[in-house]
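Chemist:
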Amino acid sequence: MYRPVIGIIISTTREGRFGDKPARWIFDIASERSDLVFEMVDLRDCPLPLFEETTGPSHEPPENEMALRWGEKIAGFDEYIFVTAEYNHSIPGALKNALDHAYPEFNRKPAAFVGYGGVGGARAVEQLRLICIELQMAPTRTAVHIGMEPVLGVRREGKNLSDYDLLNESAGATLDELAWWTHALKAGREAAVESVGAER
Ligand SMILES: Cc1cc2nc3c(=O)[nH]c(=O)nc-3n(C[C@H](O)[C@H](O)[C@H](O)COP(=O)(O)O)c2cc1C
Numbered sequence: 788m789y790r791p792v793i794g795i796i797i798s799t800t801r802e803g804r805f806g807d808k809p810a811r812w813i814f815d816i817a818s819e820r821s822d823l824v825f826e827m828v829d830l831r832d833c834p835l836p837l838f839e840e841t842t843g844p845s846h847e848p849p850e851n852e853m854a855l856r857w858g859e860k861i862a863g864f865d866e867y868i869f870v871t872a873e874y875n876h877s878i879p880g881a882l883k884n885a886l887d888h889a890y891p892e893f894n895r896k897p898a899a900f901v902g903y904g905g906v907g908g909a910r911a912v913e914q915l916r917l918i919c920i921e922l923q924m925a926p927t928r929t930a931v932h933i934g935m936e937p938v939l940g941v942r943r944e945g946k947n948l949s950d951y952d953l954l955n956e957s958a959g960a961t962l963d964e965l966a967w968w969t970h971a972l973k974a975g976r977e978a979a980v981e982s983v984g985a986e987r
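Quick note: the sequence shown uses our numbering, first residue 788, plus one each step.
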């Protein structure tokens, strides 16, 4: 049976980023599920220029070669988990630029969130939810927020994110919600394709 494929997108690209740790942690928990398949997506592997197309991707596909590759990459996923830092109370510019470079590829798919930072990346996640709506995605209500205590525990005390029970619990709840939306929206997308086909 086909298992939906989920892209786990890391939002930052800088040398020495913290982002690898929450991404690896949620990937390990998620990979224990038998109903979904998970793949890590690193923006470093697709170094996009700052947006410079003549029109937005909701109107025309991009011309830039890397942007086309990025679109092809993300089109292959049934849903996404954004692992986002908070830069000046919003999402990192690298992630916003990547989101601006695609549109139909994201449409009608769910998005879940793992935020990290002083207040668990909450302000960035809230802004990201709004951006996802504009991209015609269905952002989940449940999210993981990795606050200062676990961030410092990992950075300064050599702890792992898996040492924090509340984080593990919220990861489980987030994955359960996203699984529901993934199956529901996948069925919806397939039904829409069939009804278009039937009209022809
Ligand atoms: C430009 C910049 C702005 C930041 N602004 C915030 C912020 O608004 N809120 C917050 O909690 N942390 C903020 N931070 C701290 C980041 O949460 C922290 O550096 C985190 O490790 C960044 O993720 P990264 O290591 O994956 O790049 C900021 C960091 C940078 C570099």
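Ideal Cβ placement from N, Cα and C applies to all residues, glycine included.
1. Are the beta-carbon atoms of His876 and Phe838 separated by less than 8 Å?
2. Considering only C-alpha positions, which residue in the set Phe869, Pro848 and Ile868 is nearest to Glu859?
3. Relative to the C-alpha of Thr929, which candidate in Arg910, Ala960 and Ile918 has its C-alpha closest?
4. Return the CA-CA distance between Glu892 and Asn884, expressed in angstroms with no decimal places.
5. Relative to ligand 1, is the shortest distance from any of its heavy atoms to the C-beta of Glu873 smaller than 7 Å?
6. Helix, strand or coil for His970? Go by DSSP, reduced to three states.
7. Quick one: which unbroken beta strand (DSSP E) runs of 3-plus residues sit fully inside the segment 819-891? Chain order, please.
8. Within 7 Å: the Cβ of Thr799 and any heavy atom of ligand 1?
9. For Arg804, which three-state DSSP category applies?
10. To the nearest angstrom, how far is the alpha carbon of Leu835 from that of Leu954?
11. Quick one: grab the DSSP three-state call for Phe893.
12. What ranges does the beta strand (DSSP E) occupy inside the segment 898-945, keeping only unbroken runs of at least 3 residues that lie completely in it?
13. Can you give me the Cβ contacts of Leu948 inside the same chain, cut-off strictly under 8 Å, excluding the 5 residues immediately before and after it?
14. Determine the burial state of Ala979: buried for a count of at least 16 other Cβ atoms within 10 Å of its Cβ, exposed for fewer.
15. Is any heavy atom in ligand 1 found nearer than 7 Å to the beta carbon of His932?
16. Would the beta-carbon of Ile816 fall within 8 Å of that of Phe869?
17. For Ala881 and Thr799, which I take to be in contact (beta-carbon distance under 8 Å), what is that distance rounded to the nearest angstrom?
18. Ordered along the chain, which non-local residues of its own chain (more than five positions away) have a Cβ less than 6 Å from that of Pro844?
19. Between Arg804 and ligand 1, is the CB less than 7 Å from at least one heavy atom?
20. DSSP on Arg987, reduced to helix/strand/coil?
21. Roughly how many angstroms separate the alpha carbons of Asp865 and Tyr951, rounded to a whole number?
Modeler: If we stick to the structure as given:
1. no
2. Pro848
3. Ala960
4. 15 Å
5. yes
6. helix
7. 824-829 and 866-871
8. yes
9. coil
10. 32 Å
11. coil
12. 931-933
13. Lys808, Pro809, Trp812, Ile933, Pro937, Val941 and Leu954
14. exposed
15. no
16. no
17. 6 Å
18. Ala889 and Tyr890
19. yes
20. Interpretation of Arg987 is limited by its pLDDT of 43, a score under 50 that renders its predicted location unreliable; no figure is taken from the coordinates.
21. 29 Å
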